[in-house]
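Reading through the structure tokens given below for one structure.
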Amino acid sequence: MNEFDIVENSKELRYVTVYNQLFKMINEGTFPEGSRLPSEPELSKLIGVSRTTLRQALALLQDDGLVNNIRGKGNFIVKSRPQKDLGLETIGHPVYKCLNEAIDEVSIALRIEPSTEYFNKILIKKTAAVVLIDRWYKSQGEAVAYSFTLFPIETISNFNLDLNDHDKILNFIEKEIYELASNILVEIKYSTSGNFAAKTNPISSEDQFYLIQETIHKDSEFPIASNKHYLPIKTSAIKFHPKK
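Put into structure tokens, the structure is as follows:
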């Protein structure tokens, strides 16, 4: 039988002790949900640690989704949100699965342009024209995520879409296309381009984004659509629920 030495009362790293102390204070309501933490000088004095140690503990709290740092404003206690049961393991719209903000409005703009070599490469075939669609996801009037969609012109005719009916187009790219899809290639990347990609509606005060790219197929090697979804890292979470 193997023997193991159990070390009792092992010495904690200082920032771990501070993390545990802050975690307890948050759970006990010392710092209510949505409230701003005291400034770093005030908080480090309150707890009795250096600002360096405090920053390490705050960084861990941010990683765990308990604290959100807003540049120029400070650290805020994150409000608890309902747990989302589904992640990216199933076909569905990634913005609604990954964004922690409550979306109450989606703005849309679309246009038709001649195809280019770049678009043909994405769509794996030559097409005479493409439909380009911008979507801005808003919460309480503020843009919080952005999606860019590319269709070959054939998708419009194949699915009998009226480009003048924006509500129908929006329903198609938000819901129906995921029900029709036979398979989707999903790529997740880090990006700093979300704000200028979103053009007139920047989606974050920071240039750190998840870029989720989708290539959507329906019973063909040629995609019916390509999506780029930009989500601010500080207000999003990428989750999978693998099953056997």
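When we follow the working numbering, the leftmost residue of the sequence shown carries the number 306, and every step to the right adds one. Heads up, the beta-carbon is just placed ideally off N, CA and C, and yes, glycines get one too.
Check	Outcome
Counted within 10 angstroms of its Cβ, other Cβ atoms place A450 as buried (16 or more) or exposed	buried
According to DSSP, residues forming a beta bridge with V411	Y442
Residue range of the beta strand (DSSP E) that includes P457	E447 to P457
Beta-bridge partners of V491, as assigned by DSSP	E519
Residue range of the unbroken beta strand (DSSP E) whose run includes S531	A530 to P537
Of the residues A414, S355, G353 and K430, the one placed nearest L473, counting alpha carbons only	With the sequence shown as reference, residue 473 is identified as Lys, and Leu is not the correct amino acid for it. If we check each option's Cα against that of K473, A414 comes out closest.
Cβ shell of P547 (< 8 Å), same chain only, five flanking positions each side left out	E394
Burial state of N500 (16 or more Cβ within 10 Å)	buried
Spatial neighbours of L468 in its chain, beta-carbon cut-off 8 Å, leaving aside the 5 residues before and after	L415, I417, V436, I461 and I474
Residues near T497 in its chain [Cβ-Cβ closer than 6 Å; skip 5 each side]	D512
Distance between L404 and A530 (C-alpha atoms, nearest Å)	22 Å
Cβ neighbours of R319 in the same chain (closer than 6 Å, five flanking residues each side left out)	T358
Cβ pair I521, I489 closer than 8 Å	yes
Top-ranked residue by Cα proximity to Q518, from W441, F527, D369 and I427	I427
Per-residue burial, I508 [other beta carbons within 10 Å of its own, 16 or more giving buried]	buried
Short Cβ contact (8 Å threshold) for F514 with I493	no
P343 - DSSP class collapsed to helix/strand/coil	coil
According to DSSP, residues forming a beta bridge with N374	N380
I429 - containing alpha helix (DSSP H), residue span	Careful: I429 lies outside any alpha helix (DSSP H) and carries neither H nor E.
Buried or exposed by the 16-neighbour rule on C-beta atoms within 10 Å, applied to R440	buried
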